[in-house]
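Residue numbers (the numbering used here): -4 to 397.
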């Protein structure tokens, strides 16, 4: 919509200069949004209409009335008032007033998802859980070919080599752990695979297709979902809404369908809602009683769970988990590790970044170790724990000295 509006604006005026979109315009747009109601489409439209009329009609006419009144009563300063020239001040006062006394605006935003009924909340756990995720991670049989294959991947940030010639491969339906000291390049590896950063050299193949250099949404389309080391959720949306966002790439509803609220759109939204509840049921009473709570009200551990649920909502073939148990106590860590193991049993392939070695030993089939952007070891958890290079990277000394 913004692009279409800009196109029409420039086509009408036949010119576009930076001065046309300066600070006063930015302030005016901000005031229109806050005045009408943040998150409310009709509120923003109404706010824009009212404030535009205020600027172009009322203030100019009011200035004329004051001029006439000044001439009538012989008051010179009334004849010099130009309210239109003080529009920024007036808009600023409106903004302050709305923030103090009516933050939701003229038309408050409505809930994007209707609250769950009692029947839905009680029925979801029985129809959901791991049974509702059967088929997750299904990929075509590839024989001995790896599901994910990375060869010579190099990522530089200026003169810093974040990843240097890193190579790895993993078969389908397995769990691969990536460990290493802080700053060793683990999250950069995830960012390079998912298209958040560009690699200077190397290749990434997934399910037989080259995905290196693809944009993040195209990587998601191929079947790779991820979580983040620093949780990236929408804090002002509910748990259910955040999970529904993860399904967006799998919905077939177009922009016109969504705007007109056609039956097909409503049907798909209900199906997505049901699937989201099935995914949330995996986490049992950790999330099910809180599906209508905004994410910002949750504990850190539950936010981690919501982010994993959102990733699962895209029905991935490969799930990348970046420190999923961070911030959890031992009991919560064990619980989540069991849930991750159950997801893997369903057939989901998982790459895991984790600092807790007991979790790595419990979950991973194979482990690779990064240090200063280079792979220094690869093998089973038992083999890696005895590797001198790994011990030196973590402790600064060899096994013999230890």
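Glycine included, every Cβ here is placed at the ideal spot set by N, Cα and C.
C-alpha gap between residue i and residue j, whole angstroms
i: residue 389; j: residue 280; result: 37 Å
i: residue 120; j: residue 267; result: Low local confidence applies: a pLDDT of 48 at residue 120 is under 50, so the model's placement there is unreliable, with the coordinate-based value given in what follows. Approximately 16 Å, taken between the alpha carbons.
i: residue 51; j: residue 81; result: 12 Å
i: residue 382; j: residue 203; result: 32 Å
i: residue 13; j: residue -1; result: 18 Å
i: residue 377; j: residue 135; result: 31 Å
i: residue 103; j: residue 33; result: 7 Å
i: residue 374; j: residue 363; result: 7 Å
i: residue 47; j: residue 77; result: 17 Å
i: residue 35; j: residue 183; result: 37 Å
i: residue 172; j: residue 190; result: 20 Å
i: residue 38; j: residue 100; result: 7 Å
i: residue 123; j: residue 44; result: For residue 123, the predicted model reports a pLDDT of 49, less than 50, meaning its position is unreliable; a value from the coordinates is still stated below. If I take the Cα positions, the gap works out to 47 Å.
i: residue 265; j: residue 371; result: 49 Å
i: residue 176; j: residue 385; result: 10 Å
i: residue 335; j: residue 20; result: 50 Å
i: residue 257; j: residue 247; result: 13 Å
i: residue 180; j: residue 155; result: 11 Å
Limits of the beta strand (DSSP E) - the one that residue i falls within
i: residue 165; result: 155 to 165
i: residue 171; result: 170 to 174
i: residue 197; result: 196 to 201
i: residue 148; result: 143 to 152
Inter-residue CB distance, residue i and residue j (contact presumed, cutoff 8 Å)
i: residue 245; j: residue 309; result: 6 Å
i: residue 331; j: residue 170; result: About 14 Å separates the two Cβ atoms, so there is no contact after all.
i: residue 251; j: residue 128; result: With a Cβ gap of about 32 Å, residue 251 and residue 128 do not count as contacting.
Contact check, residue i vs residue j, beta carbons under 9 Å
i: residue 218; j: residue 313; result: yes
i: residue 29; j: residue 83; result: no
i: residue 165; j: residue 142; result: yes
i: residue 290; j: residue 229; result: yes
i: residue 185; j: residue 317; result: yes
i: residue 222; j: residue 315; result: yes
i: residue 368; j: residue 192; result: no
i: residue 345; j: residue 339; result: yes
i: residue 92; j: residue 341; result: no
i: residue 188; j: residue 240; result: no
Bounding residues of the alpha helix (DSSP H) (the contiguous stretch that carries residue i)
i: residue 94; result: 82 to 96
i: residue 19; result: 18 to 31
i: residue 381; result: No alpha helix (DSSP H) contains residue 381, which DSSP labels as neither H nor E.
Closer than 9 Å to chain D by CB, residue i
i: residue 214; result: This model lacks chain D altogether; it includes just one protein chain.
Requested in this report: Return the chain-ordered ranges of every beta strand (DSSP E) run that is complete within the stretch 216 to 300 and spans a minimum of 3 residues.
Outcome: 219 to 221
Query - Entirely enclosed alpha helix (DSSP H) segments - the stretch 300 to 379, minimum 4 residues - result: 325 to 340, 352 to 358
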